[in-house]
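Working notes for the structure below.
Numbering (UniProt numbering), first residue to last: 1 to 715.
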């Protein structure tokens, strides 16, 4: 089979030497175990063997061929999940066509854009999506799996099937074009080859211990890898797919027991709501693959307490799903980790120059191997930006510990640049969560006229009736963070605002912090002195009303591996000579022995080392900072130090005597750094409880649960 979509952009060398193509996996499975159960529709209980499914797929493939679909064509599909979608997935592969799944929630404008980007030759829709499909297309044929209502739309089921021969696939040939979420611009079409999908399927089977006896429940939308992946892999594994056409927390939890489900892919909010609804999950479960958004420490602890076999995972569209996945033992013993890289995945953490860093040192995650995309379709600019000699730049910031476990802190786009220094919000979040009086935190940058951005935090107190001890919090932060990383503005809330998928709602956090910022932002923050400006910042530390998550935000914006990162600028280090006298006066007033931070002006350059603090965290030990240099020469040696900050554009530890800590000389507020993907190891799922679902409500798709499913990214 010749597939023109593999001849451009990034070159895949992993399939070199392949001489014999293979047919679609369902063709091979039906020849091996035709009478094994292939599919169960959860809503009706209807089931199909591989033989029965193959007959339906053969019919659909013949109808598509009669419609004019040929090997190499790009077949767009915009459908609600169901048996027709499953038939189309396998039929496209049998014909040798490239499948282009589109979200059923897209507007006509978005569909038109994606159809154009992916060079879709025919678009398949259903009754629910026909109007959008027709509006979005003018010169692209549209066919429906249901009775058409619009003129010009072809009824696919009425076409007499054409006899076909299954196409042969080479490992380097593109099978899927999946769209990124477009969080940094226009969505990109990710090319996933037969080799990408096969390699990830093999690696996943090894990590999860899958066997033909497993039953995997699909609750995620099929335009994401987390939804379509189990359907594609089922014939390869010989496993049974239990397909839920819609998500309702109670119903999904019940179906796990009803159909003896052994595995399921979920985003944290889904799992949280299922546990809220039923308390625990069926003992039949062996694997809960949890991804698509950050999983909170509390959720992981809840899984431990109720023996839920959770596998936190880190993956992206560009790697055909999982990159690293933690086993339950790893997840429970090292709270926050996403485990070790899967088989085939070569993962490296690099500095700004692209050089590998030592364990415990923060940097950008780069991945290579046969699971990595062959490139973005017809997008040489994105390919040049995203691929290096070491592999794919994920745009995620993280570190690996001495045992090789991976921790993901935040997106590179989230990075705060304050006075020319880079601050990764996930690192600050880790420290704030270690403080005994804080349960949760979100950190981002608020615009500042002097320093560019001001490190700011919205925190959830452990005791909602108690006020934060500002002096104690400042001292704790100084024990664990360089001075320029310490939050200059801290505001409290009953809970963090989150999207329906569990990621932090950055716009809501920004709005809250912007509203709380002092009117005069030119003076130093409360962490730096006892001035009037300090008191103004202190007044922002007050309890506020509960923030509500925006159900329209998506997990896809959090975790589908958008590669077009916003580089953390190389801004010139801000010079503080004009404020030297004021800073010196402020420092003279700091007499508390516990706060010996060597807060000098540029002329002094003197440093002091705090006594090593006693560890206060019972869950997480962040890696030590290796002599991270504060712009005023501050050096700390904490027991629970945060990761080394040698990530892109960082000041190196040995840099000579910076003139002053920009934030210790002053601070203000900033453009919100996206906390959605930030801190995959520490992010929290929304704790929205479904109030006493009735049995009938469990079987319906209420608005909130529908939003969770439809907006969920790959898990």
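By construction, the Cβ of each residue, glycine as well, lies at the ideal position given by its N, Cα and C atoms.
From a predicted model like this one, the values you see are computed outputs, not experimental measurements.
Residue 186 versus residue 117: straight-line alpha-carbon distance, rounded | Your numbering for residue 186 matches position 186 in the chain shown. Your numbering for residue 117 matches position 117 in the chain shown. Distance between the alpha carbons of residue 186 and residue 117: 10 Å.
By a C-beta neighbour count over all protein chains shown, 10 Å radius and 16 as the cutoff for buried, is residue 600 buried or exposed?
-> Within the chain shown, the letter at position 600 stands for residue 600. Any reading at residue 600 must be qualified, since the residue scores a pLDDT of 36, below 50, and its modelled position is unreliable; the value itself is stated next. When all chains shown are included, residue 600 counts as buried.
Residues in its own chain within less than 7 Å of residue 60 by CB, not counting five upstream and five downstream?
-> Position 60 of the chain shown, counted from the start, is the residue given in the question as residue 60. Within its own chain, the residues whose Cβ lies closer than 7 Å to the Cβ of residue 60, once the five positions on either side in sequence are excluded, are 87, 88, 91, listed in chain order.
Using the DSSP secondary-structure output, state which residues sit across from residue 37 in a beta bridge.
-> Working through the chain shown from its first residue, we reach residue 37 at position 37. Residue pairing by DSSP places residue 37 opposite 49 in a beta bridge.
Alpha carbon to alpha carbon, how far is residue 595 from residue 475?
-> As a position in the chain shown, residue 595 is number 595, starting the count at 1. As a position in the chain shown, residue 475 is number 475, starting the count at 1. Low local confidence applies: a pLDDT of 40 at residue 595 is under 50, so the model's placement there is unreliable, with the coordinate-based value given in what follows. Going from the Cα of residue 595 to the Cα of residue 475 covers about 6 Å.
From residue 35 to residue 240, what does the alpha carbon distance come to, in whole angstroms?
-> Mapped onto the chain shown, residue 35 falls at position 35. Mapped onto the chain shown, residue 240 falls at position 240. Spanning the two alpha carbons is a distance of roughly 12 Å.
Neighbourhood of residue 217 by C-beta distance below 6 Å, restricted to the same chain and skipping five residues each side | Position 217 of the chain shown, counted from the first residue, corresponds to residue 217. Result list for residue 217: 242, 261, 264, in chain order.
Exposure label - residue 150; buried when at least 16 CB within 10 Å = In the chain shown, residue 150 corresponds to position 150, counting from 1. Its Cβ having fewer than 16 others within 10 Å, residue 150 is exposed.
Given a threshold of 16 other Cβ atoms within 10 Å of its Cβ, counted over all protein chains shown, does residue 126 qualify as buried or as exposed?
-> Here residue 126 refers to the residue found at position 126 of the chain shown. Taking all protein chains in view, the Cβ of residue 126 is crowded by 16 or more other Cβ atoms within 10 Å, so the residue is classified as buried.
Say whether the region 187-199 touches the region 363-378, bearing in mind that this needs 3 or more beta-carbon pairs closer than 8 Å, one atom from each stretch.
-> Yes: at least three Cβ pairs fall under 8 Å.
Have a look at residue 468 and residue 480 and give me their C-alpha separation to the nearest angstrom.
-> On the chain shown, position 468 is the one that residue 468 refers to. On the chain shown, position 480 is the one that residue 480 refers to. Answer to the nearest angstrom: the Cα atoms are 18 Å apart.
Between the CA atoms of residue 312 and residue 742 - distance to the nearest angstrom | It is not possible to answer for residue 742, since the shown part of the chain is limited to 1 through 715.
Under the three-state reduction of DSSP, which class applies to residue 105: helix, strand or coil?
-> On the chain shown, residue 105 is found 105 positions in, with the first residue counted as 1. If DSSP states are grouped into helix, strand and coil, residue 105 belongs with coil.
Residue 393, enclosing beta strand (DSSP E) - first and last residue = One-based indexing of the chain shown puts residue 393 at position 393. Its beta strand (DSSP E) spans residues 391-400.
For residue 280 versus residue 252, is the C-beta spacing smaller than 8 Å?
-> Numbered from its first residue, the chain shown carries residue 280 at position 280. Numbered from its first residue, the chain shown carries residue 252 at position 252. Against a cut-off of 8 Å, the Cβ pair of residue 252 and residue 280 comes out as no contact.
Limits of the alpha helix (DSSP H) - the one that residue 84 falls within | What you label residue 84 is simply residue 84 of the chain shown in a count that begins at 1. Residue range 83-95 is occupied by the alpha helix (DSSP H) that includes residue 84.
Could you say if the region 163-171 and the region 310-329 meet the contact criterion of at least three C-beta pairs nearer than 8 Å?
-> Result no; under three Cβ-Cβ pairs closer than 8 Å.
Residues near residue 129 by beta carbon distance below 8 Å, same chain, minus five either side | The residue given as residue 129 occupies position 129 in the chain shown. Taken in chain order, the residues that qualify are 78, 79, 80, 104.
Contact between the region 395-405 and the region 431-442: three or more CB pairs below 8 Å?
-> No, the region 395-405 does not touch the region 431-442.
Given a threshold of 16 other Cβ atoms within 10 Å of its Cβ, counted over all protein chains shown, does residue 540 qualify as buried or as exposed?
-> Position 540 of the chain shown, counted from the first residue, corresponds to residue 540. With a pLDDT of 34 at residue 540, under the threshold of 50, the modelled position of this residue cannot be trusted, and the question is left open.
Where the alpha helix (DSSP H) containing residue 256 begins and where it ends | Within the chain shown, the letter at position 256 stands for residue 256. That run of the alpha helix (DSSP H) goes 249-258.
Grab the span of the beta strand (DSSP E) containing residue 316 for me, first residue to last.
-> For the purposes of this step, residue 316 is identified with residue 316 of the chain shown, where counting begins at 1. Here the beta strand (DSSP E) through residue 316 covers 310-316.
Less than 8 Å separating the beta-carbons of residue 320 and residue 197?
-> Translated into positions along the chain shown, residue 320 becomes position 320. Translated into positions along the chain shown, residue 197 becomes position 197. For residue 320 and residue 197, yes; Cβs fall inside 8 Å.
Taking the C-alpha atoms as reference points, what is the distance between residue 488 and residue 322?
-> Within the chain shown, residue 488 is the residue found at index 488, counting from 1. Within the chain shown, residue 322 is the residue found at index 322, counting from 1. C-alpha separation (whole angstroms): 37 Å.
Completely contained beta strand (DSSP E) runs for the region 178-210, where each covers 3 or more residues | Within the region 178-210, the complete beta strand (DSSP E) runs of at least 3 residues are 189-193.
Residue range of the alpha helix (DSSP H) that includes residue 333 = On the chain shown, residue 333 is found 333 positions in, with the first residue counted as 1. In the DSSP assignment, residue 333 falls within the alpha helix (DSSP H) that extends over 328-333.
List the endpoints of the continuous alpha helix (DSSP H) containing residue 22.
-> Mapped onto the chain shown, residue 22 falls at position 22. For residue 22, there is no enclosing alpha helix (DSSP H), as DSSP gives it neither H nor E.
Which class does residue 143 belong to by DSSP, given the choice of helix, strand or coil?
-> Position 143 of the chain shown holds residue 143. It is a strand residue.
Is the distance from the Cβ of residue 406 to the Cβ of residue 334 below 8 Å?
-> By 1-based counting over the chain shown, the position of residue 406 is 406. By 1-based counting over the chain shown, the position of residue 334 is 334. Cβ atoms of residue 406 and residue 334: not closer than 8 Å.
Would you report the Cα separation of residue 394 and residue 352, rounded to the nearest angstrom?
-> Locating residue 394 in the chain shown gives position 394, counting from the first residue. Locating residue 352 in the chain shown gives position 352, counting from the first residue. Here the C-alpha atom of residue 394 lies approximately 13 Å from the C-alpha atom of residue 352.
Apply the 10 Å Cβ neighbour rule to residue 718 and answer buried if 16 or more other Cβ atoms are within range, or exposed otherwise.
-> Here the chain covers residues 1 to 715 and nothing more, so residue 718 does not appear.
Using the rule of at least 16 other Cβ atoms within 10 Å of the residue's Cβ for burial, across every protein chain shown, is residue 155 buried or exposed?
-> In the chain shown, the residue the question calls residue 155 occupies position 155. It counts as exposed.
What are the boundary residues of the beta strand (DSSP E) that includes residue 453?
-> Against the chain shown, residue 453 aligns to sequence position 453. Counting along the chain, residue 453 sits inside the beta strand (DSSP E) bounded by residues 452-461.
Can you name the residues that DSSP bridges to residue 411?
-> Sequence index remark: in the chain shown, residue 411 carries index 411 (1-based). Per DSSP, 396.
Quick one: what's got a C-beta closer than 6 Å to residue 84's C-beta in the same chain, skipping five residues either side?
-> By 1-based counting over the chain shown, the position of residue 84 is 84. Its chain contains 145 as the residues whose beta carbon lies nearer than 6 Å to that of residue 84, once the 5 sequence neighbours on both sides are disregarded; these appear in chain order.
If we call anything under 8 Å between Cβ atoms a contact, is residue 227 one with residue 267?
-> Looking up residue 227 in the chain shown gives position 227. Looking up residue 267 in the chain shown gives position 267. No, they are not a contact pair.
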